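The UniProt record's numbering puts the first residue of the sequence shown at 1, with every later residue one more than the last. All C-beta atoms, glycine included, are put in the ideal place defined by N, C-alpha and C. All of these numbers come straight from a predicted model, not from anything done at the bench.
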Amino acid sequence: MGRIIPDKQTLFKVADLYYNAGLTLSGIAKRLGIGTMTVSRLLTKAREVGIVQIIVNKPIESCPEQELALKKKYGLKHALVIRLSGELDAVIQIAQAAAFHLDQILKEDLVVGIGIGGTTAALVEQLPVRTIPGLQIIQLLGGFETTGFFNSYDILQNISSKLGATGTYFHAPVYAKDGITRDILYKEFFAHSKLHNLLARCNVAVLGIGVADRNSIYVKSGFIRPDEMDEITAAGGVGDVLGQFFDARGNLVNHPINQRSLAVPAGELSKIDDVILLSAGPAKIPVLTAALKMNFISTIITDSNSAAALLEEPAHRGGAAAKIR
Numbered sequence: 001m002g003r004i005i006p007d008k009q010t011l012f013k014v015a016d017l018y019y020n021a022g023l024t025l026s027g028i029a030k031r032l033g034i035g036t037m038t039v040s041r042l043l044t045k046a047r048e049v050g051i052v053q054i055i056v057n058k059p060i061e062s063c064p065e066q067e068l069a070l071k072k073k074y075g076l077k078h079a080l081v082i083r084l085s086g087e088l089d090a091v092i093q094i095a096q097a098a099a100f101h102l103d104q105i106l107k108e109d110l111v112v113g114i115g116i117g118g119t120t121a122a123l124v125e126q127l128p129v130r131t132i133p134g135l136q137i138i139q140l141l142g143g144f145e146t147t148g149f150f151n152s153y154d155i156l157q158n159i160s161s162k163l164g165a166t167g168t169y170f171h172a173p174v175y176a177k178d179g180i181t182r183d184i185l186y187k188e189f190f191a192h193s194k195l196h197n198l199l200a201r202c203n204v205a206v207l208g209i210g211v212a213d214r215n216s217i218y219v220k221s222g223f224i225r226p227d228e229m230d231e232i233t234a235a236g237g238v239g240d241v242l243g244q245f246f247d248a249r250g251n252l253v254n255h256p257i258n259q260r261s262l263a264v265p266a267g268e269l270s271k272i273d274d275v276i277l278l279s280a281g282p283a284k285i286p287v288l289t290a291a292l293k294m295n296f297i298s299t300i301i302t303d304s305n306s307a308a309a310l311l312e313e314p315a316h317r318g319g320a321a322a323k324i325r
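Here it is as structure tokens:
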């Protein structure tokens, strides 16, 4: 007589009792009226068919001395510096660290602003699923016309779903066609909206930074032409935050792109209690260095090589979006 192949519902039930309810093999055997060896075989089968997946999370290796030095030098509230391993992409590792940090500080009735970009999107993917009563997530800039991993609309939807939060959209494109149109859209979709009222209560903002070059997500999405990006860099632009481009001194560049931006103005970010900036890899070091001069950042999460470069920089704070502490 052949061995009976268990159905997936039975495999799930046994796995649930063992891994989630914490019953022993003998306890499960007694409850289901089967032998302990059968329970063991069912657990093995549950792993083989993918009902149970074992994930070993490598501990994040932090660099406390660099963290302390960064907090002291730049007047930060928090600094999380990790030593990158060669096993995972740098963005994923920073996202894991950021997800861990954010998970620790989230609580009921917080208002959290969310930005755009690959690191921010990866952070959302790393967050555990949970429900936080009264949590509000708000979009800090407009979105792209198509869905995608980096789109602020999709990021907002994903994080709201993961945390059981209420999400509020910024119903506008990232950039308007000109400054006049931008002012009209800004008044309609932000200045007199629920989003604006929530921003006044915003406790935490999570932002990424972008490099000002032709590989920018704004160029790839078609909002900025390649020749326009060349103009931005010629004007001194090194990077952007929320689609607003700044120079190496932390000042917004004098280019029409910044007058077309539909986002929370960089100068307004200083009103948020805790602005968390994520940065991974050597290409972002000049951008991170410049962003810190804008003085709205209170927490940075980055890698040890970037931290070392920041600590070698001469201390300087006081760009266009300076934050009084």
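* Asked: Taking just the CA atoms, how far does PHE150 sit from ARG260?
  -> 20 Å
* Asked: Taking buried to mean at least 16 other C-beta atoms within 10 Å of its own C-beta, is ASN295 buried or exposed?
  -> buried
* Asked: How many angstroms separate the CA atom of VAL129 from the CA atom of HIS171?
  -> 26 Å
* Asked: For VAL253, does the three-state DSSP call read helix, strand or coil?
  -> Three-state DSSP puts VAL253 in coil, outside helix and strand.
* **Three-state class that DSSP yields for PRO128 in the structure shown** => coil
* Asked: By how many angstroms is the C-alpha of ALA266 removed from the C-alpha of LYS220?
  -> 23 Å
* Work out the CA separation of GLY243 and LYS77 for me, nearest whole Å. => 24 Å
* **Cβ shell of ASP273 (< 6 Å), same chain only, five flanking positions each side left out** => ASN203
* Asked: Which residues bound the beta strand (DSSP E) around GLN136?
  -> Residues 136-139.
* When DSSP labels each residue in this structure, what does ASP274 get in the three-state scheme? -> strand
* Asked: In chain order, what residues of the same chain have a beta carbon less than 6 Å from the beta carbon of ALA309, not counting five sequence neighbours either side?
  -> ILE285
* Status (buried if at least 16 other CB within 10 Å, exposed otherwise) for PRO173 -> buried
* Should the stretch 67-87 be called in touch with the stretch 175-192, which here means at least 3 C-beta pairs below 8 Å? -> No: fewer than three Cβ pairs fall under 8 Å.
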